[in-house]
Amino acid sequence: MALSREDLLEAYRRMKTIREFEERVHVEFAKGGIPGFVHLYAGEEASAAGVCMNLTDDDKIASTHRGHGHCIGKGVDVHGMMAEIYGKRTGTCRGKGGSMHIADLDTGMLGANGIVGGGPPLVCGAALAAKIKGTGGVAVAFFGDGASNQGTTFESMNLASVWKLPAIFVAENNGYAEATAAKFSVSCEDISTRAAGFGMPGVTVDGHDFFAVYDAMREAVERARGGGGPTLVEVKLDRFFGHFEGDNQNYRAPDEVKHVREQKDCIRRFARRVTSEHDIAEQELAAIDDEVAKLIDDAVAQALAAPDPLPADLTTDVYIKY
Amino acid sequence: MALSREDLLEAYRRMKTIREFEERVHVEFAKGGIPGFVHLYAGEEASAAGVCMNLTDDDKIASTHRGHGHCIGKGVDVHGMMAEIYGKRTGTCRGKGGSMHIADLDTGMLGANGIVGGGPPLVCGAALAAKIKGTGGVAVAFFGDGASNQGTTFESMNLASVWKLPAIFVAENNGYAEATAAKFSVSCEDISTRAAGFGMPGVTVDGHDFFAVYDAMREAVERARGGGGPTLVEVKLDRFFGHFEGDNQNYRAPDEVKHVREQKDCIRRFARRVTSEHDIAEQELAAIDDEVAKLIDDAVAQALAAPDPLPADLTTDVYIKY
Amino acid sequence: MARKILFQQAINEALDQEMARDSSVIVMGEDVVGGTGGNGEMDAWGGVLGVTKGLYGKYGDRIMDTPISESAFVGAAIGAATCGLRPVCELMFIDFLGVCFDQIYNQAAKFRYMFGGKAKTPVVIRTMIGAGFRAAAQHSQCLYPIFTHIPGLKVVIPSSPYEAKGLLIQAIRDDDPVIFCEHKALYAMEGEVPDESYTIPFGEANIVREGSDVTIVALARMVGFAQKAAATLAKEGISCEIIDPRTTSPLDEDTILESVENTGRLVIVDEASPRCGMAADIAAMVAQKGFASLQAPIAMVTPPHTPVPFSGVLEDLYIPGPARIEAAVRNVAEYA
Amino acid sequence: MARKILFQQAINEALDQEMARDSSVIVMGEDVVGGTGGNGEMDAWGGVLGVTKGLYGKYGDRIMDTPISESAFVGAAIGAATCGLRPVCELMFIDFLGVCFDQIYNQAAKFRYMFGGKAKTPVVIRTMIGAGFRAAAQHSQCLYPIFTHIPGLKVVIPSSPYEAKGLLIQAIRDDDPVIFCEHKALYAMEGEVPDESYTIPFGEANIVREGSDVTIVALARMVGFAQKAAATLAKEGISCEIIDPRTTSPLDEDTILESVENTGRLVIVDEASPRCGMAADIAAMVAQKGFASLQAPIAMVTPPHTPVPFSGVLEDLYIPGPARIEAAVRNVAEYA
Ligand SMILES: Cc1ncc(C[n+]2csc(CCOP(=O)(O)OP(=O)(O)O)c2C)c(N)n1
Ligand SMILES: Cc1ncc(C[n+]2csc(CCOP(=O)(O)OP(=O)(O)O)c2C)c(N)n1
Ligand SMILES: [Mg+2]
Ligand SMILES: [Mg+2]
């Protein structure tokens, strides 16, 4: 199942949309317009895209506090997301969730999560539902290197394995959990080593390389859909921004981010490869760049203009019936 | 550090004391004299003894719901234990804890635990205290195959590894968690496989063989005392009784317990070996048998005669000062 | 047709009928089947006290044993609920909520609100509560005040076989997350239960006994104790009205307030710990909304602020019993 | 000598002075140092909001970063406490209690009781509470009613820099497990704090303002809001007495009851969720023990029974503010 030209352009569009979205949120946050805690995904786009290009709307993902990229990768509407981040009534969650809680069940995005390790158990459930209903769907848990040490994550890998669930565990290892290095907090070299303890295949891939992520995921998704049970895919990558907006990143080497941006930009690497190897013209990518820039401009403009929630919204949506 | 004659006799005494204690509790429970949930350790004695013969009073252990053997292995007074199991005021915990909560901080026994996976985090703390205070002490977490799937256990192994704690994780794999087989619930063949994911050595030993347990533990304890960090020791063994008293064990093969008792009795195996290879006479063991039988008789008699807690005890010991 | 069955049979029957009716209902938990992976029988236990026994034979893979990984499997039940199933998940003892609580209160309870009304999480968590089994501090707690505290959860506490069945069927059909608390000392209680399927709506208290002098509000096992006390007090000429809220979230405030309007006196009996507990919650509600009716201090009959002790003599003192209820009622009845 | 410092500096100073005084005091938590294992600076964060900054330079390995494994490291703090240390463990946000709660309520809280009085567990769990940061449903909760519910725990909630320091030093020296709740919106509050070490005993409420018409009980950030409301109400001729319990377990019942004896009217302001919450707990206590003094219904000013919303306009409505307090006080003051 090689990627078609359309697929490649779509992958580029998703990555670029994530990048633009995040760079813009960074700017807008600095201006003071965006409330709350915001964690940006820029730099890690090849993971979200490489994973989600293997999924359909029937497949589910559960995300993390750093969820914008997963949302966009899975197809959540960018206008709704931006409005949500601004806390507006037109947001994906009508302004009640914010950056850390964007969810869109229609596109199979089960939610960002403010709790580190909150997603993997839910993914076991989504995978179980697919299995019991026989939909052929899979469910993917994104989690970080920090979350890889959370008990919920371990338990979920074991449960997925003993129940032979169509679940995939994607460990996005960006080297840090907040200001703490994975080198310290993860007691093994590669997180994928842990797969053996759960009787599932484990693989580590270069997260700066869309194709590496895509291929590893394709194998994992095929295994899952075929009834072969779960896989652990570790994606090694880097974040371009701080842990959250406002982080001065003094726990990183002084030139670390600069180096990462210059040397390890997954989008530039993707562009180089598809323009040289895949018969895609630079202008095609440039055209997408323009479209994406306009999309994000428009999303911000609409979000700014959108209405706040109504006072009555405070007490709705707690229960379906009470 | 080969075991001396005295050590071997002491190991025998501990194992035999556990066995007699448990066989007797089984009988007394059936008579209706013992309240609550009681989980017997008979059959697993080589583990408690093999582990604890490597420990001093300064070392700590945390135990499980199936804790009598660990208590006796670590040197907790048998009279206090029996009285506690009967809920008497002379019990180790003055009748307030019962079988599932026997603790004796003086002998380094941090407590049985009614929560599966409750002990490993506490053991990290005990090991940390030893490390910070520089006592040279180690701390041991006993836990079952069922508990090996609890998030707290995984997290603790990771924490012990990253903090390089003098902690040892002893997975007592008796093949069942209640009525559920480890073959189903543990997603890898040997629990010790999981050690690699936590950057620590892992080993599986035959828990019917005291010497195998003892040797593996000796190595682990030496490593821990020497600053080499934690080890995972899996001990494969069998329980002679049901999960708890009252369990009809229909989830086991019909002749399973009979077979285990006949073929895999760690005490008989130990006796055979020390009498044939270690210059210990059968009479010496028989003498211990007699002493132990008297000890247990006496413990039961004293427990039965002991007073109940006083009504005022209900509200004491909640706080040191409130 | 109603016949007498045990509380635990009523639970089993509710599960059975709902699984038969709706293929999206599944059951999971530790040893809810029993025997998985082993060399002996399947359905070996049917739950640690046999409550789910027999369902495996009828529904096969729709009832599943789990590893001891409460966060993972409770979370899985919740995740499956958001994806179209109606899982009934057993948390063996409520005392174990501490190893999976996040999935319940930060995830299931908040999805709908955080997601702007878009999520639906029809999960039921069945769990055992209560003292009386000499099961000591970690297997005897009530803890439902903790769930009642959390917006987004519903909390159900049946006091009889009839209620157990009707409330459980309602819980399974309900579209919100429900914590269903079964008092282990009630499993052997016998009572009339219709064999057909029926539901009892949430938020509607049951007036267990009508009376005019003192209102007693009681839950779960305490309802029976309150009835005993009321029978004794009736002989002394004190007429008690007993109200069983049946669900603590939602709480039927009106029935309690109306009763207090008539009696002017309120005793709340609850087995949960007193601080920020259920008795306090109801007392506060009445002190706010029913103050004008009150002719005496509100009395709370609860255990002391201590863990549950092991020893039988202590545990019996710990649990609020009929004698303490009677004393409290006499006190408020005499107050002038 | 007293000087003005921030609430968060008061916390830092308490830790610093106790670590200097007693080598068994250690600190642990996620990024309480920051930078461990990395290529940049150590003490990079000193806690997610900088509260523990600088301690690493002074105490080195006695302050430790942890993996994101709350059960393991909170449990480790508890285990270390039973083995002779006095750990101060940071649970970053109280909202995260769900991933480590078992270690706190089934282990730390119950050891002493279950073990017949033989265990001593001098652990402090510092944790951030409260809304106001647009941090949404999983980073804005109060949840201290849950800890208050549990026998064996002490729960401390400072409302000013002075109290933060004195109560934290007391917490560290205290031999029982203590949950120490820091409202994140108070970190930037400035106040007079002695530079020397001092303790504030648990279970002694602070009378923040004396008054004769209405008693207001408030905690944490609500104390300041109550003061604002009281100032406004004073101009209208309503004299409010404001009581800050400072610790919810133990609770200084006497000071509250005495005040209500004088005023006859009680308003409780609390930011925690209302059901089985702290306001209910205090209301119930007074309805039991201070009924004879009450001349009006007890009023509770709390958030609604909903999760904490993200949007600023909603969150501002969610949090009980001075206007709602004033309205509640006027209501009970006018009641006849
Ligand atoms: C249970 C829990 N503990 C701690 C936190 C605070 N926290 C938020 S993000 C984070 C770091 C997560 O690191 P990682 O999993 O590597 O993801 P990354 O931020 O690198 O994407 C921490 C500690 C939390 N939200 N939930
Ligand atoms: C957190 C928690 N979940 C479930 C239980 C109920 N339970 C008690 S013992 C047990 C089985 C434990 O199995 P294992 O760890 O293998 O120990 P074993 O009984 O075989 O010694 C279970 C499920 C519990 N006590 N605590
Ligand atoms: Mg990371
Ligand atoms: Mg076992």
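Residue numbers (this note's numbering), protein chains in the order written: chain L, 3 to 324; chain V, 3 to 324; chain Y, 909 to 1244; chain S, 909 to 1244. Glycine included, every Cβ here is placed at the ideal spot set by N, Cα and C. All of these numbers come straight from a predicted model, not from anything done at the bench.
Please indicate yes or no: does the CB of residue i lie closer than 6 Å to some heavy atom of ligand 1?
i         : result
Met1000/S : yes
Gly942/Y  : no
Gly148/L  : yes
Glu24/L   : no
Rounded to a whole number of angstroms, what is the C-alpha to C-alpha distance between residue i and residue j?
i         : j         : result
Ser49/V   : Gly209/V  : 6 Å
Thr19/L   : Gln1049/S : 34 Å
Gly35/L   : Arg196/V  : 47 Å
Leu10/L   : Val276/L  : 8 Å
Met159/V  : Arg68/V   : 21 Å
Ile1033/Y : Ala32/L   : 44 Å
Ala1204/Y : Leu1222/S : 40 Å
Glu258/V  : Phe200/V  : 34 Å
Ile1058/S : Ala85/V   : 28 Å
Ala273/L  : Ile1037/S : 46 Å
Asp315/L  : Ala1017/Y : 17 Å
Ala1195/Y : His72/V   : 52 Å
Ala989/S  : Thr1029/S : 5 Å
Val237/V  : Ala149/V  : 14 Å
Pro1066/S : Glu12/V   : 55 Å
Kindly indicate the opening and closing residues of the beta strand (DSSP E) around residue i.
i         : result
Gly937/Y  : 933–937
Ile1087/Y : 1086–1091
Gly146/L  : 141–146
Glu174/V  : 169–175
Val188/V  : Segment: none, Val188/V is in no beta strand (DSSP E) and carries neither H nor E.
Ser1157/Y : 1155–1157
Pro1102/Y : 1098–1102
Glu1149/S : 1148–1152
Met1208/Y : 1207–1209
Gly248/L  : Segment: none, Gly248/L is in no beta strand (DSSP E) and carries neither H nor E.
Cα-Cα, which of the options is closest to residue i?
i        : options                                   : result
Ala173/V : Asp310/V, Glu258/V, Gly204/V, Gly38/V     : Gly204/V
Ala218/V : Met55/V, Arg241/V, Asp291/V, Gln285/V     : Met55/V
Met972/Y : Phe31/L, Trp165/L, Lys76/L                : Trp165/L
Ala896/Y : Leu1202/Y, Lys1136/Y, Glu1104/Y           : Residue 896/Y lies beyond the residue range present for chain Y, which begins at 909 and ends at 1244; the question has no answer from this structure.
Ile934/S : Leu1159/S, Leu1075/S, Arg994/S, Thr1155/S : Arg994/S
Lys76/V  : Lys90/V, Arg91/V, Gly97/V, Gly52/V        : Gly52/V
His103/L : Glu221/L, Met83/L, Asp299/L, Gly110/L     : Met83/L
Just the chain B side, please: which residues come within less than 7 Å of residue i by C-beta, in chain order?
i        : result
Ala952/Y : Among the protein chains of the structure shown, namely L, V, Y and S, there is no chain B.
Shorter than 6 Å, the distance from the beta carbon of residue i to the closest heavy atom of ligand 3, or not?
i        : result
Tyr178/L : yes
On the DSSP letters alone, give me the boundaries of the alpha helix (DSSP H) that residue i sits inside.
i        : result
Gly55/L  : For clarity, residue 55/L is Met in the given sequence; the question names Gly instead. First-last for Met55/L: undefined, no H or E at that position.
Asp292/L : 284–307
Arg220/L : 212–227
Glu921/S : 915–929
Thr19/V  : 7–33
Following a CB-centred definition, is residue i positioned closer than 6 Å to any heavy atom of ligand 2?
i        : result
Arg68/V  : yes
Val118/V : yes
Problem set entry | Contiguous alpha helix (DSSP H) assignments of at least 4 residues, all confined to the stretch 939–982 of chain S | The stretch 939–982 of chain S contains these whole alpha helix (DSSP H) runs: 963–967.
For this session: Could I get the ranges of all uninterrupted beta strand (DSSP E) runs contained in the stretch 992–1041 of chain S, with 3 residues as the minimum, in chain order?
Result: The stretch 992–1041 of chain S is shown to contain whole beta strand (DSSP E) runs of 3 or more residues at 994–1001, 1032–1037, in chain order.
Tell me the start and end of each unbroken beta strand (DSSP E) in the stretch 83–170 of chain L that is at least 3 residues and wholly inside, in chain order. Fully enclosed beta strand (DSSP E) runs of 3 or longer: 141–146.
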